[in-house]
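**Student:**
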Amino acid sequence: MTAKVRGMVMAAFAADALALGGHWVYNTQVLVKKFGRLERLEAPLAKNHHPTKGAGDFTHYGDQTLLLLGSVAAAGGFELAAFAEDWRAFMKTYDGYVDGATRGTLENFDAGASPQASGAPSADLAGAVRIAPLVYRYRDDLDRLVAAARAQTAMTHNHPLVVAAAEFLARTGWAVLGGSAPVAAMQQAMAALSGAAELGRWLAAGLDSRGRDSAPAIADFGQACEIEMAFPAMVHLVARYESDLKSALVENVMAGGDSAGRGMAVGLILGAWQGEAAIPGDWVSGMRQAQRIAALLAAVDEKR
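Given below as structure tokens:
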């Protein structure tokens, strides 16, 4: 269990770091021309989005996930008020990319909104993909895990389908750590959800596409951030590469678009299944925050 639960967290972070090199490049031929096959941590090609970042850094998704891990480590668990305070202070002076959900949430906080009501109505999947630290902390308590995953997501992405996707990912990660294979775990998680029929249709579409090459399949779903595109694309990657974490994350990046959001979800699920040994060693050693992540995971364990 230790190798798999650590693998879940480290693979989510590694997916984000790997995606940085090609993040938000939509022309896949540009990716091929520049990288051939992007299998290393690279500085971002799209400098207009991540001008302050270098190889081994995270996108704004990974940075916020690391912030969540630090909040959980400090409090011994997830406390929404504490995370909101940490998040607000961090993002007000953040020197990375500030997306629409972040701007809207900061405006809502400044207007006096509580953390329960601060979230922007963003439909981006990214709000749901930060939850690996919560699965790590609450891997023995599904009810608390689901509540925490939904709350942290709604704080910035108060969209019903994105919040439901956070619960889906939490339940999937929990089931995989419990021994279910990823595809079966996703099906189990979906069966436990209510009021999210769209997610069920996107799950089916993603599963149906598993026999296709990833770049054209994801192009058909859509490469962008919105959940209607990113969710079935994420499912496709998990199903097609259920036993091959590295290929899943590389093919994700080579498919272009918001590879960081898709990748963090894929990394969470497949990292929980295949464990830490499945992550290429140079990805882990190349992450600039790898030692800090390890220290924070140890701190979480001390307070569990």
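Here the sequence shown is numbered in my numbering, starting from 49 and rising by one per residue. C-beta atoms are modelled at their ideal positions from N, C-alpha and C, and glycine is treated no differently.
Taking 7 Å as the cut-off, decide whether the C-beta atoms of Gly315 and Ala59 are in contact.
**Tutor:** Contact flag set, yes.
**Student:** Could you give the C-beta distance for Ala174 and Gly110, rounded to a whole number, given that I count them as a contact under 8 Å?
**Tutor:** In fact, because the Cβ distance is near 10 Å, the residues do not count as touching under 8 Å.
**Student:** When the Cβ atoms of the stretch 263-272 are set against those of the stretch 232-246, are three or more pairs found closer than 8 Å?
**Tutor:** No, they do not touch.
**Student:** Give me the residue from Arg187, Lys140, Leu293 with the minimum Cα distance to Gln112.
**Tutor:** Nearest C-alpha to Gln112: Lys140.
**Student:** According to DSSP, is Glu215 part of a helix, a strand, or is it coil?
**Tutor:** Glu215 falls in the helix class under three-state DSSP.
**Student:** Taking C-beta to C-beta, are Val224 and Ala320 nearer than 7 Å?
**Tutor:** A contact, by the Cβ cut-off of 7 Å.
**Student:** Counting only runs of 4+ residues fully inside the stretch 137-220, write out the alpha helix (DSSP H) ranges in chain order.
**Tutor:** Counting whole runs of 4 or more residues, the stretch 137-220 contains the alpha helix (DSSP H) stretches 148-158, 180-185, 190-202.
**Student:** Can you tell me which residues form a DSSP beta bridge with Glu274?
**Tutor:** Per DSSP, Asp172.
**Student:** From Ala272 to Val348, what distance separates their C-alpha atoms?
**Tutor:** Approximately 34 Å between the Cα atoms of the pair.
**Student:** May I have the straight-line CA-CA distance separating Gly152 from Pro99, to the nearest angstrom?
**Tutor:** Distance between the alpha carbons of Gly152 and Pro99: 22 Å.
**Student:** Buried or exposed: Leu329, going by 16 or more other Cβ atoms within 10 Å of its Cβ?
**Tutor:** The question names Leu, yet the displayed sequence has Gly at residue 329. Gly329 comes out exposed.
**Student:** Just the Cα atoms here: how many angstroms apart are Gly167 and Arg136?
**Tutor:** Computed Cα separation, rounded: 12 Å.
**Student:** Check this for me: beta carbons of His205 and Tyr145, under 7 Å apart or not?
**Tutor:** In this structure, Tyr145 does not lie closer than 7 Å to His205 by Cβ.
**Student:** Please report how far the alpha carbon of Ala82 lies from the alpha carbon of Ala159, in whole angstroms.
**Tutor:** The amino acid at residue 82 is misidentified as Ala; the sequence shows Lys. Spanning the two alpha carbons is a distance of roughly 44 Å.
**Student:** Is Arg288 helix, strand or coil by DSSP?
**Tutor:** It is helical.
**Student:** From Gly259 to Arg185, what distance separates their C-alpha atoms?
**Tutor:** C-alpha separation (whole angstroms): 35 Å.
**Student:** Going by C-alpha to C-alpha distance, which of Val80, Arg54, Ile317, Arg88 sits closest to Phe216?
**Tutor:** Among Val80, Arg54, Ile317, Arg88, the Cα nearest to that of Phe216 belongs to Ile317.
**Student:** Tell me the start and end of each unbroken beta strand (DSSP E) in the stretch 97-136 that is at least 3 residues and wholly inside, in chain order.
**Tutor:** You should have found no qualifying run.
**Student:** Tell me the residue span of the alpha helix (DSSP H) that contains Leu344.
**Tutor:** Segment 338-351, the alpha helix (DSSP H) holding Leu344.
**Student:** For the putative contact between Val301 and Gly311, defined by C-beta atoms under 8 Å, what is the C-beta separation to the nearest angstrom?
**Tutor:** Contact flag correct, Cβ pair sits at about 7 Å.
**Student:** Using a 10 Å radius around the Cβ and a threshold of 16 neighbouring Cβ atoms, would you call Glu90 buried or exposed?
**Tutor:** With 16 or more other Cβ atoms within 10 Å, it is buried.
**Student:** Using the C-alpha atoms, what's the distance from Tyr142 back to Pro92?
**Tutor:** When rounded, the distance between both Cα atoms is 18 Å.
**Student:** Would Leu154 and Ala199 be called neighbours here (beta carbons separated by less than 7 Å)?
**Tutor:** No, the pair does not count as a contact, with Cβ atoms beyond the cut-off.
**Student:** Among Arg288, Ser295, Phe131, Ala346, whose alpha-carbon lies nearest the alpha-carbon of Leu116?
**Tutor:** For the residues Arg288, Ser295, Phe131, Ala346, the minimum Cα distance to Leu116 belongs to Phe131.
**Student:** Tell me whether the beta-carbon of Ser262 lies closer than 7 Å to the beta-carbon of His71.
**Tutor:** The answer is no: Cβ separation not under 7 Å.
**Student:** In chain order, what residues of the same chain have a beta carbon less than 6 Å from the beta carbon of Leu297, not counting five sequence neighbours either side?
**Tutor:** Taken in chain order, the residues that qualify are Ala63, Leu66, Gly311.
**Student:** Please classify Arg249 as buried or exposed, where buried requires at least 16 other C-beta atoms within 10 Å of its C-beta.
**Tutor:** Result: exposed.
**Student:** Using 7 Å as the threshold, is the C-beta distance between Trp222 and Leu255 below it?
**Tutor:** Their beta carbons are not under 7 Å apart, which means Trp222 does not touch Leu255 by this criterion.
**Student:** Would you decide whether Ser291 is buried or exposed? Buried here means 16 or more other CB atoms lie within 10 Å of its CB.
**Tutor:** Answer is exposed; the Cβ neighbour count stays below 16.
**Student:** Leaving out five residues on either side along the sequence, give the residues of the same chain with a beta carbon under 7 Å from the beta carbon of Gln336.
**Tutor:** Reading off the sequence, residue 336 comes out as Arg, not Gln. Gly104, Asp105.
**Student:** What's the C-alpha gap between Gln236 and Leu86?
**Tutor:** The straight-line gap from Cα to Cα measures roughly 33 Å.
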